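**Q** Mapping to numbering that gives the first Met the number 0: the sequence shown position 117 is 116, numbers consecutive. Backbone N, C-alpha and C define an ideal beta-carbon position, used for all residues, glycine too. Everything numeric in this text was worked out from a predicted model, so none of it was measured. This structure is in structure tokens; I'll ask about it shortly.
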Amino acid sequence: MTSEDLYCIGKPDWKPSAPEVKPESKAVTLGEAAHLQIVPADFVLNPEAKQSLAAFAYDANGNKIGPVEVEWSLAGVRPPEGLPPAPPAAPGTPAPTPPPPLNGKLSNEKGIDTVLEISKSPPPAQFGRVVAKAGKLTAETRVRVSPILPYAPNFANIPEKRTPGGWINCQGKFEMVTVDGKKILKKLAVNPSPLVARANAFITMPDLTEYTIQADMMGTKVRDDLPDMGVVANRYSFMLTGKTKSLRLISWDALPRVDKTISYPWEPNVWYTFKLSFEKATGTEGTIRGKIWPRDKPEPAEWTLEFKDPVANLEGSAGIYGYAAGILENQPGTEIFYDNVKVLPNKK
């Protein structure tokens, strides 16, 4: 294929045929178990859902021995790899709270398989692991519990330096802090890497549709820089930009097929409420609507920006967005704070 044409290369009289089947090699001699595997290796569930799990053993050469009896248990999430070590705690401050074990129930605590059941009781969203042990061998599978709607996490129940359970792309980019005696979520502003300074934190399953996300946000100013911040629904982003002081409703920033932008002279250190809602129409059509207002003012009746999309994103996870601008070496950039996040199903 060139930039102008597509060419087919081959013999004109060629006909398809089945490949030659090689004779089966002689049986492999299996060694002792050297590795455990849990199937599936990771998965995502909603509360009240179930997932079957099975354990298999392999020898040192990677040959599958078969199902193996193990001891099953639940554990908390592991911290992400590759992050710099946390600074030592100040004298007199409590030690960081370790992640709690996964809140669920196993049908068997010993055997070749088990079933994990997630209860509907709190927490509504969480991370964790299912661990299998057989002698000196250990295996684990990662579990994400995604919330069902309506969902409004209570930030007061989340320890500082941690992130809301079940949210992805959050570790190392956001963390809980206490400001004026209240716990809120903060976008970290110390790593200038574009993959860290700019981030979407996704909250729900990716197949969600016809819902509304609402959140309060406040950005700070550093030198002449302001952050970008907003919410995400159905793969549409509704955000305030700091460089141009504008309000945008877009579908994809790299190639914005949908791009509604207006001037919006917002101010730092002021809380704003964002609200973004998607509604299906007929066929591939849908309408995305967003509104914003200072948090201490009444909610406006009219939507600030609205777009009827003929080829709409019919599904997509709810999320929050933040870009910490102005990060320099040993100099933090602009911070963003989030509060009162909630995701609600649209009223029929």
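Just how far apart, CA to CA, sit GLY282 and GLU209?
**A** Counting from 1 along the sequence shown, the entry for residue 282 is found at position 283. Counting from 1 along the sequence shown, the entry for residue 209 is found at position 210. Taking the straight line joining both Cα atoms gives about 14 Å.
**Q** Do you know how far the Cα of ILE147 is from the Cα of PRO46?
**A** As a working note, residue 46 is residue 47 in the sequence shown. As a working note, residue 147 is residue 148 in the sequence shown. Those two C-alpha atoms are separated by around 7 Å.
**Q** Taking ALA138 as part of the beta strand (DSSP E), name the residues at either end of that continuous run.
**A** Numbered from its first residue, the sequence shown carries residue 138 at position 139. Residues 136–144.
**Q** Can you tell which of GLU108, GLY110, SER106 and PRO122 has the C-alpha that lies nearest to the C-alpha of PRO98?
**A** By one-based count along the sequence shown, residue 98 stands at place 99. The shortest C-alpha separation from PRO98 is found at PRO122.
**Q** Note the first and the last residue of the continuous alpha helix (DSSP H) segment covering ALA131.
**A** Taking the first residue of the sequence shown as 1, we reach residue 131 at position 132. No alpha helix (DSSP H) holds ALA131; the beta strand (DSSP E) holding it covers 125–133.
**Q** From SER106 to LEU246, what distance separates their C-alpha atoms?
**A** What you label residue 106 is simply residue 107 of the sequence shown in a count that begins at 1. What you label residue 246 is simply residue 247 of the sequence shown in a count that begins at 1. If you take the alpha carbons of SER106 and LEU246, they lie about 51 Å apart.
**Q** Could you give the C-beta distance for GLU70 and LYS132, rounded to a whole number, given that I count them as a contact under 8 Å?
**A** Start at 1 with the first residue of the sequence shown, and residue 70 comes out as number 71. Start at 1 with the first residue of the sequence shown, and residue 132 comes out as number 133. Their Cβ separation, rounded to whole angstroms, is 5 Å, which keeps GLU70 and LYS132 in contact under 8 Å.
**Q** What are the complete beta strand (DSSP E) segments, minimum 3 residues, inside the region 219–285?
**A** List check, beta strand (DSSP E) in window: 227–232, 235–240, 245–249, 258–262 and 271–279.
**Q** Is ASP295 buried or exposed, if buried means 16 or more other CB atoms sit within 10 Å of its CB?
**A** If you number the sequence shown from 1, residue 295 lands on position 296. Classification of ASP295: exposed, given that the 10 Å Cβ count is below 16.
**Q** Measure the alpha-carbon distance for SER118 versus VAL230 and round it to whole angstroms.
**A** One-based indexing of the sequence shown puts residue 118 at position 119. One-based indexing of the sequence shown puts residue 230 at position 231. If you take the alpha carbons of SER118 and VAL230, they lie about 29 Å apart.
**Q** Give me the DSSP bridge partner(s) of GLY153.
**A** In the sequence shown, the residue the question calls residue 153 occupies position 154. With the sequence shown as reference, residue 153 is identified as Asn, and Gly is not the correct amino acid for it. Note: ASN153 sits in no beta bridge, so no partner.
**Q** By Cβ distance, which residues of its chain are closer than 8 Å to TYR271, with the 5 residues on each side in sequence left out?
**A** Indexing the sequence shown from 1 puts residue 271 at position 272. Around TYR271: ASP215, MET216, MET217, LEU239, TRP265, ILE291, TRP292, PRO293 and ARG294.
**Q** Any contact of the region 296–310 with the region 329–339, i.e. 3+ C-beta pairs under 8 Å?
**A** Cβ pair count under 8 Å is below three, so no.
**Q** Give me whichever residues DSSP pairs with GLU174 in a beta bridge.
**A** Locating residue 174 in the sequence shown gives position 175, where the first residue counts as 1. In the DSSP output, where bridge partners are listed per residue, GLU174 has LYS185.
**Q** Could you work out which residue in ALA74, VAL189 and VAL129 is closest to ASN329 when comparing CA atoms only?
**A** The residue given as residue 329 occupies position 330 in the sequence shown. It is VAL189 whose Cα lies nearest to the Cα of ASN329.
**Q** Less than 8 Å between C-beta atoms, sequence neighbours within five positions excluded: which residues of the same chain meet that for VAL130?
**A** Start at 1 with the first residue of the sequence shown, and residue 130 comes out as number 131. TRP71, SER72, LEU73, ALA74, THR137, ALA138 and GLU139, listed in sequence order.
**Q** I need the DSSP call for ALA374, collapsed to helix, strand or coil.
**A** Residue 374 lies beyond the residue range present for the chain, which begins at 0 and ends at 347; the question has no answer from this structure.
**Q** Looking at VAL144: is its Cβ nearer than 9 Å to the Cβ of GLN170?
**A** Here residue 144 refers to the residue found at position 145 when the sequence shown is read from its first residue. Here residue 170 refers to the residue found at position 171 when the sequence shown is read from its first residue. No, they are not a contact pair.
**Q** Helix, strand or coil for LEU148? Go by DSSP, reduced to three states.
**A** Here residue 148 is taken as the residue at index 149 of the sequence shown, counted from 1. In this structure, LEU148 counts as coil in the three-state DSSP scheme.
**Q** If you run the structure through DSSP and keep just helix, strand and coil, what is PRO293?
**A** By one-based count along the sequence shown, residue 293 stands at place 294. Reduced to three states, the DSSP call for PRO293 is strand.
**Q** For a quick check, are the C-beta atoms of HIS34 and ASP58 less than 9 Å apart?
**A** Counting from 1 along the sequence shown, the entry for residue 34 is found at position 35. Counting from 1 along the sequence shown, the entry for residue 58 is found at position 59. Against a cut-off of 9 Å, the Cβ pair of ASP58 and HIS34 comes out as a contact.
**Q** Considering Cα atoms alone, identify which of VAL269, ALA151 and LEU52 is closest to MET228.
**A** The residue you call residue 228 lines up with position 229 of the sequence shown. If we check each option's Cα against that of MET228, VAL269 comes out closest.
**Q** The beta strand (DSSP E) with VAL340 in it runs from where to where?
**A** By one-based count along the sequence shown, residue 340 stands at place 341. First-last of the beta strand (DSSP E) with VAL340: 335–344.
**Q** Near LYS244, which residues of its chain fall below 8 Å by C-beta distance, leaving aside the five closest residues on each side in sequence?
**A** On the sequence shown, residue 244 is found 245 positions in, with the first residue counted as 1. Closer than 8 Å at the Cβ level, and outside the excluded window around LYS244, lie LEU225, SER262, TYR263, PRO264 and TRP265.
**Q** Considering only C-alpha positions, which residue in the set ILE183, THR113, PRO344 and THR203 is nearest to PHE55?
**A** As a first step, residue 55 is located in the sequence shown; it is residue number 56 there, counting from the start. Considering only alpha carbons, the answer is THR113.
**Q** Where does GLY180 land, buried or exposed, given buried means 16+ other C-beta within 10 angstroms?
**A** As a position in the sequence shown, residue 180 is number 181, starting the count at 1. So GLY180 counts as exposed.
**Q** Along the beta strand (DSSP E) that carries VAL114, what are the first and last residues, could you check?
**A** Residue numbering aside, residue 114 sits at position 115 when the sequence shown is read from its first letter. Start and end: 112–117.
**Q** Does the beta-carbon of ASP308 have 16 or more other beta-carbons within 10 angstroms, so that it is buried, or is it exposed?
**A** Your numbering for residue 308 matches position 309 in the sequence shown. It counts as buried.
**Q** I'd like to confirm the pairing. Which residues does DSSP put opposite TYR210 in its beta bridges?
**A** What you label residue 210 is simply residue 211 of the sequence shown in a count that begins at 1. Note: TYR210 sits in a beta bridge opposite PRO344.
**Q** May I ask which residues mark the beginning and end of the beta strand (DSSP E) holding VAL195?
**A** Translated into positions along the sequence shown, residue 195 becomes position 196. Premise fails: VAL195 lies in the alpha helix (DSSP H), 193–196, not in any beta strand (DSSP E).
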